Amino acid sequence: MADPVDAPARFPPDPGGAASPVSLTPAAAELIRSLRGRHGPLMFHQSGGCCDGSAPMCFPAGEFRTGGSDVLLASLVIDGVPEPVEFWISKSQWQLWRHTRLTVDVIPGRGSGFSLEAPDGVRFLIRSHLTPTPTP
Numbered sequence: 003m004a005d006p007v008d009a010p011a012r013f014p015p016d017p018g019g020a021a022s023p024v025s026l027t028p029a030a031a032e033l034i035r036s037l038r039g040r041h042g043p044l045m046f047h048q049s050g051g052c053c054d055g056s057a058p059m060c061f062p063a064g065e066f067r068t069g070g071s072d073v074l075l076a077s078l079v080i081d082g083v084p085e086p087v088e089f090w091i092s093k094s095q096w097q098l099w100r101h102t103r104l105t106v107d108v109i110p111g112r113g114s115g116f117s118l119e120a121p122d123g124v125r126f127l128i129r130s131h132l133t134p135t136p137t138p
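Letter by letter, the sequence shown follows residues 3 to 138 in the numbering used here.
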């Protein structure tokens with residue numbers, strides 16, 4: 003059992019509360035459907051690293067270990083994907099970005115070799131939109 007001190011946080015704390023701070027473009031949703039068909043249930047993690055470390059990374063669900071330094075921002079419901087896709091972010095990155103809404107998009111190009119879309123010649127990308135008040 004996980005140590006409660008190291009347990010990941012979840013956003014929003016009230017499931018019926020605030021709107022999700024994460025959305026998807028149609029292109030990202032289509033790629034997720036394709037990846038789900040090939041790899042099974044999926045998850046995303048957005049770290050606060052540099053270069054590709056600042057791109058959203060897609061993994062088989064549970065392959066990336068989350069803990070007390072991570073926040074679950076959204077459980078994305080996507081047509082054609084039987085289960086929600088969790089979107090995690092490092093707490094430190096969320097503190098910097100909590101005044102934004104994040105949109106997951108996909109563009110041509112080479113991303114990280116660790117993210118599932120890399121062999122397809124595309125990469126996930128975050129587009130951010132400022133909000134008038136920070137999300138808790």
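Where a beta carbon is used, it is the ideal one built from N, C-alpha and C, also for glycine.
As the structure is a prediction and not an experimental result, all values here were calculated from the model.
Anticipated Cβ contact below 8 Å, residue i with residue j, distance rounded
i          : j                : result
alanine 76 : phenylalanine 66 : Not confirmed; about 15 Å, so no contact.
alanine 29 : valine 108       : 5 Å
valine 83  : arginine 35      : 6 Å
leucine 78 : threonine 102    : 17 Å between Cβ atoms; not a contact.
Buried/exposed call for residue i, threshold 16 Cβ in 10 Å
i          : result
leucine 44 : buried
valine 24  : buried
serine 56  : exposed
proline 6  : Summary for proline 6: the model assigns pLDDT 40, below 50, so the residue's position carries little reliability, and this model does not support an answer.
Alpha carbon of residue i to alpha carbon of residue j, nearest angstrom
i            : j                : result
glycine 146  : aspartate 72     : Limits of the chain in this structure are 3 at one end and 138 at the other, which puts residue 146 out of reach.
leucine 37   : phenylalanine 61 : 10 Å
leucine 74   : serine 92        : 9 Å
proline 134  : alanine 21       : 14 Å
arginine 100 : serine 94        : 10 Å
aspartate 81 : alanine 63       : 18 Å
glycine 42   : alanine 31       : 15 Å
glutamate 85 : leucine 26       : 16 Å
Cutoff 8 Å; reference residue i; Cβ partners in own chain excluding five residues on either side
i             : result
methionine 59 : Phe46, His47, Gln48, Ser49, Phe66, Ser114, Phe116, Ser117 and Phe126
arginine 112  : Ala120, Gly123 and Arg125
Cutoff 7 Å; reference residue i; Cβ partners in own chain excluding five residues on either side
i            : result
arginine 129 : Thr105 and Asp107
aspartate 54 : Any answer about aspartate 54 is weak, because its pLDDT of 49 lies below 50 and its placement is not dependable; what the coordinates show is given next. Cβ neighbours of aspartate 54 beyond the five flanking positions: Gly113 and Ser114.
leucine 33   : Val108, Glu119 and Val124
glutamine 97 : none
proline 110  : Gly123 and Val124
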